[in-house]
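J.: So for the sequence shown, full-length UniProt numbering puts the first residue at 1; every next one is plus one.
Cβ atoms here follow ideal geometry from the backbone N, Cα and C, with glycine treated the same way.
Values in this document were obtained by computation on a predicted structure and should not be read as measured data.
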Amino acid sequence: MAYNDQYAGHQEYNPYSNSQPHASYEEPHAAAYDNYGPGYQDTSYPATGFNKTRDADELSSGFDRGEFGSPRGEKAQNIRQYRREFRNDNLWTKGGRGSCIGRFFCCTLMIAVFMIVSIVLALALWIRPPSIIIGSAGLTSAGTNGIQLETSGITVPLEVNISVNNPNYFSVDLKKVTLDLTYPLDGNDTAIGNGSTSDITFHSHSNTSFTFPFEIDYQFSTDPNYAILLDMASKCGILGGSQSDLTIDYSIKVDLKIIFISVSPTITNSFSIACPFDESELEDFIKSLGLSSILGSL
Numbered sequence: 001m002a003y004n005d006q007y008a009g010h011q012e013y014n015p016y017s018n019s020q021p022h023a024s025y026e027e028p029h030a031a032a033y034d035n036y037g038p039g040y041q042d043t044s045y046p047a048t049g050f051n052k053t054r055d056a057d058e059l060s061s062g063f064d065r066g067e068f069g070s071p072r073g074e075k076a077q078n079i080r081q082y083r084r085e086f087r088n089d090n091l092w093t094k095g096g097r098g099s100c101i102g103r104f105f106c107c108t109l110m111i112a113v114f115m116i117v118s119i120v121l122a123l124a125l126w127i128r129p130p131s132i133i134i135g136s137a138g139l140t141s142a143g144t145n146g147i148q149l150e151t152s153g154i155t156v157p158l159e160v161n162i163s164v165n166n167p168n169y170f171s172v173d174l175k176k177v178t179l180d181l182t183y184p185l186d187g188n189d190t191a192i193g194n195g196s197t198s199d200i201t202f203h204s205h206s207n208t209s210f211t212f213p214f215e216i217d218y219q220f221s222t223d224p225n226y227a228i229l230l231d232m233a234s235k236c237g238i239l240g241g242s243q244s245d246l247t248i249d250y251s252i253k254v255d256l257k258i259i260f261i262s263v264s265p266t267i268t269n270s271f272s273i274a275c276p277f278d279e280s281e282l283e284d285f286i287k288s289l290g291l292s293s294i295l296g297s298l
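1) Tell me where the alpha helix (DSSP H) around residue 281 begins and ends.
2) Here's the rule: buried if 16 or more other CB atoms are within 10 angstroms of the residue's CB, otherwise exposed. What is residue 235?
3) For residue 161, which option in 133, 177, 143 has the closest C-alpha, if you only look at C-alpha atoms?
4) So what's residue 231 in DSSP terms, helix, strand or just coil?
5) From residue 232 to residue 177, what does the alpha carbon distance come to, in whole angstroms?
6) Using the beta-carbon count (16 or more within 10 Å), is residue 263 buried or exposed?
7) Using a Cβ-Cβ cut-off of 6 angstroms (strictly less than) and excluding sequence neighbours within five positions of residue 25, which residues of its own chain qualify?
8) Assuming contact is defined by CB atoms lying nearer than 8 angstroms, are residue 140 and residue 159 in contact in what I supplied?
9) In the stretch 193-280, which residue ranges form an unbroken alpha helix (DSSP H) of at least 4 residues, counting only runs that do not cross its ends?
10) Using 8 angstroms as the Cβ pair cut-off and three pairs as the minimum, do the stretch 277-288 and the stretch 204-216 touch?
11) Does residue 230 pass the burial test, meaning 16 or more other C-beta atoms within 10 Å, or should it be called exposed?
12) Are residue 226 and residue 291 closer than 8 angstroms when you measure CB to CB?
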């Protein structure tokens with residue numbers, strides 16, 4: 001019996017062979033519906049064409065369609081109006097003649113103020129205050145002959161030398177100097193004199209000295225118990241003790257003008273003045289005031 005091979009005549013399949021031909025790729029549906037007529041459209045796939053009316057409206061933004069503001073034409077008109085009003089016209093000559101003059105005056109004034117402030121601040125960096133040295137106070141050239149002993153009070157003319165060093169590169173004008181004297185006694189300060197001078201110029205990089213006159217003007221109306229007079233008599237040795245200097249407090253107010261800046265510093269300190277009175281003359285004066293009993297008790 002002969003064996004009949006049922007697979008004879010069949011080609012052997014080799015999975016690793018690339019000899020099998022493949023069907024060429026064709027775009028699906030390219031001609032599949034040609035037989036259905038021109039009115040047929042397949043809606044199962046998205047359209048590959050471009051619909052101008054629908055797609056242009058979808059791609060345009062909400063601003064272009066006017067959803068968030070004015071239409072495009074109105075916005076363009078507003079931009080043109082803004083440029084015409086604020087960019088294209090000359091701002092200096094805008095408006096009438098009065099507006100132009102006022103605008104020019106305000107700008108000029110602001111520039112001038114800015115320049116003046118800048119100059120003042122620049123000069124302030126280089127300004128150094130003048131140094132003031134106050135010497136010892138004493139009687140004037142008239143000496144004790146200028147002292148006046150009266151029933152209403154005592155007047156003693158004094159003077160002090162003041163030296164001012166100006167280290168700046170510009171002059172300093174001394175407009176006025178005012179001095180006030182007080183006599184300290186038992187915790188109370190009683191005004192007993194004053195003095196003033198004015199119109200002195202301290203040149204640049206110079207040391208200027210001048211004599212400042214003032215006076216003790218002691219009025220008994222401000223000291224009805226004669227406490228200051230008796231203290232002066234005690235320090236002058238009239239009551240039997242040793243002589244000592246009179247201590248008088250002073251306050252000097254200086255008005256300086258540096259370029260166009262005015263400053264007014266105040267200096268406070270004390271003078272130590274030797275007894276300006278003649279002992280016998282002062283003792284006779286105290287007795288004439290009816291204070292002999294007080295002198296005897298002291």
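T.: Once the coordinates are examined:
1) Locating residue 281 in the sequence shown gives position 281, where the first residue counts as 1. Residues 279-288.
2) For the purposes of this step, residue 235 is taken as the residue at position 235 of the sequence shown. With 16 or more Cβ atoms within 10 Å of its Cβ, residue 235 is classed as buried.
3) In the sequence shown, the residue the question calls residue 161 occupies position 161. Among 133, 177, 143, the Cα nearest to that of residue 161 belongs to 133.
4) The count along the sequence shown starts at 1 and reaches residue 231 at position 231. Here residue 231 sits in helix by DSSP.
5) Mapped onto the sequence shown, residue 232 falls at position 232. Mapped onto the sequence shown, residue 177 falls at position 177. Straight-line Cα distance between these residues: approximately 28 angstroms.
6) Indexing the sequence shown from 1 puts residue 263 at position 263. By the 16-neighbour rule on beta-carbons within 10 angstroms, residue 263 is exposed.
7) The sequence position of residue 25 within the sequence shown is 25, counting from 1. Note that residue 25 scores 46 on pLDDT, short of 50, meaning its location in the model is unreliable and no value can be drawn from it.
8) Position 140 of the sequence shown, counting from 1, holds the residue named residue 140. Position 159 of the sequence shown, counting from 1, holds the residue named residue 159. With contacts defined by Cβ atoms closer than 8 angstroms, residue 140 and residue 159 form a contacting pair.
9) 227-235
10) Too few Cβ pairs lie closer than 8 angstroms, so no.
11) As a position in the sequence shown, residue 230 is number 230, starting the count at 1. Buried, because 16 or more other Cβ atoms sit within 10 Å of the Cβ of residue 230.
12) In the sequence shown, residue 226 corresponds to position 226, counting from 1. In the sequence shown, residue 291 corresponds to position 291, counting from 1. Yes. Within cutoff.
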